[in-house]
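> The structure that follows is given in the form of structure tokens.
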Amino acid sequence: MTHMHITSWALGLILFIIALVMYKKGNQKPAKIIHMILRLMLILIIITGGILTWDYIQGPFGMPILGEVIVKALAGVWLVAMMEMILTGKAKGKPTTAKWVQFWIALILVIVLGFFRLPMGFLFI
Ligand code: HEM
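Numbering (our numbering), first residue to last: 69 to 193.
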């Protein structure tokens, strides 16, 4: 499940960047298609992340770790929400600075907790 989670968020980040560049260049139609595929990927990220969260809840881990998992999961959902809101903002030509600030905060939280704190990850198997 960890591999599927990593694959889906890695693909998600790549599609996010492609859609962003296309919206910026004014290629609305291809950008919309990439954006739609990205939405499927975002759902997959939430499902795989949700399963991982459930594994932790059911596993032998005690409270400090479980607390971090919940923060990780919330930051993950927050990041997905910001990716979607940045793209819809770009598509409509609205300012996205506030969303970008939240995007970076959530991304840093997710990477630090996911890779360096939580024990079930890729680097530890
Ligand atoms: C774009 C959004 C997301 C990114 C970039 C992301 C990133 C990561 C990273 C880097 C890891 C560590 C993998 C590893 O150590 O091998 C991870 C694991 C995990 N993620 Fe996410 N994630 C995202 C969304 C979510 C969501 C939405 C949830 C929950 C609903 C979630 C829950 C988890 C859980 C429970 C783990 C296992 C923690 C561990 O043991 O390492 N993630 N994620």
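Where a beta carbon is used, it is the ideal one built from N, C-alpha and C, also for glycine.
Small disclaimer: the values here were computed from a predicted structure and weren't measured.
Given a threshold of 16 other Cβ atoms within 10 Å of its Cβ, counted over all protein chains shown, does T165 qualify as buried or as exposed?
exposed
> Assuming M150 is part of the alpha helix (DSSP H), what are its boundary residues?
Judged by DSSP secondary structure, M150 falls within the alpha helix (DSSP H) whose first and last residues are M131 to A159.
> Taking the CB atoms as reference points, tell me whether Y124 and I113 lie closer together than 9 Å.
no
> Given G94, which residues of its chain have a CB within under 7 Å of its CB, disregarding the five upstream and five downstream residues?
none
> Identify, in the order they occur along the chain, each residue of the same chain with its Cβ nearer than 7 Å to the Cβ of L147, setting aside the five sequence neighbours on each side.
F171, A174, L175 and V178
> Determine the DSSP secondary structure at F192, reduced to helix, strand or coil.
Because the pLDDT at F192 is just 45, under 50, the model does not fix this residue reliably, and the point stays unresolved.
> Skipping 5 residues on each side, what residues in its chain have a beta carbon closer than 8 Å to that of A159?
Non-local beta-carbon contacts of A159 in its own chain, meaning distances under 8 Å to residues more than five positions away in sequence, involve Y91, Q96, A99, K100 and H103 in chain order.
> Considering only C-alpha positions, which residue in the set I138, M109, M131 and L108 is nearest to W122?
For the options I138, M109, M131 and L108, the alpha carbon positioned closest to that of W122 is the one of I138.
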